[in-house]
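Protein sequences, first through last, are from chains Z and C. Residue numbering for the first sequence follows this note's numbering, beginning at 21 and increasing consecutively. Residue numbering for the second sequence follows this note's numbering, beginning at 718 and increasing consecutively. Backbone N, C-alpha and C fix where the C-beta goes; we use that ideal spot for every residue, glycine too. Bear in mind that the values here come from a model prediction, so they are computed numbers and not experimental data. Read through the structure below, which is laid out as structure tokens, and then see the notes.
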Amino acid sequence: MARITRREFVRSSALAAAGTMLAPCLAGAQAKDVPLAAIVALTGTNAAWGQRTWNAFQQGCDMVNEQGGIKSLGGAKLKPMVLDTESRPEVAGSQTERAVQRGAVAITGTNQSAATIVATQIAEREAVPFVCATDVDPLITSRGFKFTFRTSPIVESYARDLLAYVKDLGASTGKPARKLAILSENSIVGQSSVEATRRVAKELGYDLVEADTYDASKTQNFASYISKYKGAGVEILIGHNKPSDAVLITRTMKELNYNPMAYGGILGGHVSTEYVNALDKDADHVLCTTSWSGDADIPGLKDLAKKYQDRYKEHMDSTSAGGFTAFAVLWDSLERAGSTDRKRLRDAIAATSLKTGEKMYMQLRGAKFLATGENSLAGGLVFTIRSKEWVTVAPKEYAKATAAWPKPKWGA
Amino acid sequence: MSARLALGLAALAAAAAAPLVAGQHLLTAFIVALHAAYMALAWNVAAGYAGQFSLGHSLFYGIGAYASTMLYLKLGLTPWAGMFAGAVLAGLVGVALALGVYRYNVRGIFFALVTLGAAEVAKGLADNWDWIKGPVGILLTMKNAPGEFFFLRREPYYYVALAMVVAMILISLRLERSRLGQYFLAVREDEAAAEASGVDTHRAKTVAIGLSAALTAFAGSFYAQFYLYISPDTVLVFEPQLTMMLGTMVGGAGTALGPVLGSVLFSGLGEALRNLPFENTRQVVIGSKLVYAILLIVILIYLPGGLITLGRRSRRA
């Protein structure tokens, strides 16, 4: 075995020591990673939505990293992390604390209003910006929090979009509909949709004859509701329902040959892939609302949607569009803040001015936040379903077609 | 001082010192574990000691949460007092339910089903009761007001939860040594024999349910003050009931320390599995849940008396 001399030992030790001392300095010269957290449901009842939000958020981070990272931070790379809420508000709270502990400079989530309510409390207490893109309950921004921002419209805005469009259709064709009913699940958003519809119906001159909520976990038979609406001559039926409930309600309407002049959904199941796949032609002419559409003329949408499809082998939908939107706000704000300090980042988010299509911002019609954290530009779209596709019918600037009025009868 | 007492005091001292070393997130995990332990101990009074296997304790949990919250919002009553009012109300509901159920001699699995039904009815009522905001739920303001049981930091919540668990252990130990506790055990072991020995079994069972219900309500009030948001979907669902049962059955039903052991183990395990040192993808999350479920099955098969029996086994060996 070759023996090492004392001189060689001293020389190599000195080199090793110098290397050890220099390494942190050299590393310090490189930009530090920027941890961003997505707190979403990967398991439990909201898992499908959570996974899509995370897919988009992750893809957004990777695309920015491929383009050289955050330029104002010397090319710092984004480091996305996902934490599972298990579709439970308590876990969402504890996962928010974990994200903070792991150094997340900003958070998005949770696709579940009750979980977002708890998670944003923690974010506020720890002074970490929280941007939610798909939660529509008004309670979230009602608490005067400084670190909570929402890009999407609230549930009332969607109800107004839908009912205003139906009113326009009636007026333009000379066949107005007045008798309205709402049938929603008894979740926090479902109940909010009922309250919102009461207000909007009064505002637009509808006669709200029935407003029902049902327990989504236990209701499998909607025949009693549909028979009641048929008997009462309800001309417009709307609701906020889970995909499986929306499918069951539509099938029951067909079975009982109930033909309202308009039938539609406020967010929820009617804009899900599951709904159109399960019903095929029976889903045609159903109206629905979200804040994003695959057929809208949004700059960069086609390219982004293709990349999303290539990577995840599924269509980009409104939930994944929400994931890109939340990411866009954070990316834009990080560039403007030039800092990972959470308070400076919060101020940058508050000063956001983004157009749809800019920096992967997919929701309509851009973002500019009010002091409450609500997006003053937020707006929704109304669609009609045709051959398993959602076709935009309102507002006019995005419309690609006009919905059939009244809705064709079953078998027509 | 006996070795057991010394060990207990040392554990208490260690628990009291935990906030000095734990960060906010770890402290939350401890609070969640203590809250689960308290719930398990409260359910243990009826199910563990008296053998009344209720599946409807979420009802009493929900009453506690809503009572202290509504009394605070509508009458300005501090939740410190409101939680006692909630306990009284839950206790009365528990007694009323027990009187009705035992009047018709409903036992065993049928008793469990009736209590489960009662909790379901309560959720249905809460969902449709506008005064308590139905399914939308109630928000409490995040603020620092110690007199009203609101804190911005985790430490005070931790000490409240710790005090609740210590008090509940002392209540359980006292119960074990009391005449009432002996009645409970007699009912659990053989109701007919207990009755033949002169035990008023209907009364003992009713007291067990009422007492357990009242104690459970405190956990509901704590939930409301800690999470600052309650709705039928968070406090009147089966989830709290499951937490109570898991902790008790895994740790050891009918003992004062078993439910604590079981709850702490399972809360800790759940927390550890959420904290795996690699990317938290959906596959990892589902895998960790599988591990959790398998461990539960293994414990229930090989230690049917709960983890607490491990100590007894080793002493016998």
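Does the Cβ of residue i have 16 or more other Cβ atoms within 10 Å, making it buried, or fewer, making it exposed?
i: C/Gly825; result: exposed
i: C/Glu906; result: exposed
i: Z/Arg118; result: buried
i: Z/Ile405; result: buried
i: Z/Asp330; result: exposed
i: C/Asp847; result: exposed
i: Z/Arg72; result: buried
i: C/Tyr1019; result: exposed
i: C/Tyr821; result: exposed
i: Z/Gln383; result: buried
i: C/Val882; result: buried
i: C/Val738; result: exposed
i: C/Gly915; result: exposed
i: Z/Leu159; result: buried
i: Z/Ser133; result: buried
i: C/Leu724; result: exposed
Whole angstroms are fine: how far does the CA of residue j sit from the CA of residue i?
i: Z/Arg218; j: Z/Leu228; result: 7 Å
i: Z/Ala303; j: Z/Tyr295; result: 8 Å
i: Z/Lys274; j: C/Ala757; result: 49 Å
i: C/Ala798; j: Z/Val148; result: 34 Å
i: Z/Glu205; j: Z/Tyr234; result: 5 Å
i: Z/Ala325; j: Z/Thr376; result: 15 Å
i: C/Leu892; j: Z/Glu394; result: 54 Å
i: Z/Leu46; j: Z/Ala61; result: Any reading at Z/Leu46 must be qualified, since the residue scores a pLDDT of 43, below 50, and its modelled position is unreliable; the value itself is stated next. Z/Leu46 and Z/Ala61: Cα-Cα distance of roughly 39 Å.
i: C/Ile1025; j: C/Leu1017; result: 12 Å
i: Z/Thr422; j: Z/Val413; result: 5 Å
i: C/Leu776; j: Z/Thr105; result: 24 Å
i: Z/Met281; j: Z/Ala298; result: 22 Å
i: Z/Ala191; j: Z/Ala197; result: 9 Å
i: C/Leu945; j: C/Gly793; result: 16 Å
i: Z/Arg249; j: Z/Glu230; result: The question names Arg, yet the displayed sequence has Tyr at residue 249 of chain Z. Taking the straight line from one Cα to the other gives about 8 Å.
i: Z/Leu307; j: Z/Leu183; result: 10 Å
i: Z/Trp430; j: C/Gly773; result: 45 Å
i: Z/Gln79; j: Z/Tyr328; result: 8 Å
i: Z/Ala221; j: C/Leu869; result: 41 Å
i: Z/Ala96; j: C/Glu872; result: 36 Å
i: C/Tyr789; j: C/Glu865; result: 9 Å
i: C/Ala720; j: C/Leu729; result: 14 Å
i: C/Leu816; j: C/Thr923; result: 7 Å
i: Z/Lys166; j: C/Thr786; result: 25 Å
Residue i touches chain Z at which residues, Cβ-Cβ below 7 Å?
i: C/Leu869; result: Arg145
i: C/Ile1003; result: Thr63
i: C/Arg1049; result: The requested residue 1049 of chain C does not occur in the structure, where chain C is confined to residues 718 to 1034.
Less than 8 Å between the CB atoms is what I'm expecting for residue i and residue j, so what's the real figure, rounded?
i: Z/Val209; j: Z/His260; result: 6 Å
i: C/Ile886; j: C/Val977; result: 7 Å
i: Z/Trp74; j: Z/Gly399; result: The pair is not a contact, with the Cβ atoms about 25 Å apart (cut-off 8 Å).
i: Z/Trp410; j: Z/Ser311; result: The Cβ separation is near 13 Å, so there is no contact.
i: C/Ala921; j: C/Ala767; result: 7 Å
i: C/Gly937; j: C/Gly781; result: 3 Å
For a contact meaning CB atoms closer than 8 Å, what does residue i contact in chain C?
i: Z/Val138; result: Tyr944, Leu945 and Tyr946
i: Z/Glu230; result: Correct list: empty, because the minimum Cβ distance to chain C is about 15 Å.
i: Z/Gly210; result: Pro852
i: Z/Ser207; result: Pro852 and Asp950
i: Z/Glu117; result: Gln741, His742 and Thr745
i: Z/Asp53; result: Those within 8 Å of Z/Asp53 in chain C number zero; the least Cβ separation is about 14 Å.
Show which residues of chain Z have a CB atom less than 8 Å away from the CB atom of residue i.
i: C/Val749; result: Glu110 and Ser114
Starting from the beta carbon of residue i, find every residue of chain Z whose beta carbon is closer than 9 Å, and list them in chain order.
i: C/Lys659; result: Absent from the structure is residue 659 of chain C, since the part of chain C shown begins at 718 and ends at 1034.
In chain C, which residues lie with their C-beta within 7 Å of the C-beta of residue i?
i: Z/Gln121; result: Gly740 and His742
i: Z/Gln141; result: Met859 and Leu945
Output, in chain order, the set of chain C residues within a Cβ distance shorter than 9 Å of residue i.
i: Z/Asp155; result: Simply none; closest approach about 13 Å.
Interface positions of the stretch 846-859 of chain C facing chain Z (Cβ-Cβ less than 9 Å), listed along the chain:
Lys850, Gly851, Pro852, Val853, Gly854, Leu856, Thr858 and Met859
Using a Cβ-Cβ cut-off of less than 7 Å, give me the residues of the stretch 946-967 of chain C that come near chain Z, in sequence order.
Tyr946, Ser948, Asp950 and Thr951
Listed in chain order, which residues of the stretch 728-746 of chain C have Cβ atoms closer than 8 Å to some Cβ of chain Z?
Gly740, Gln741, His742, Thr745 and Ala746
Tell me which residues of the stretch 824-847 of chain C have at least one Cβ-Cβ distance to chain Z shorter than 9 Å, keeping chain order.
Glu837, Lys840, Gly841, Asp844 and Asn845
Short-range partners of chain C found in the stretch 158-181 of chain Z, where Cβ spacing is below 8 Å
Leu159, Ser162 and Arg163
Can you pull out the residues from the stretch 124-137 of chain Z whose beta carbon lies closer than 8 Å to at least one beta carbon of chain C?
Ala134 and Ile137
Name, going along the chain, the residues of the stretch 234-250 of chain Z whose beta-carbon falls closer than 8 Å to a beta-carbon of chain C.
Asp235
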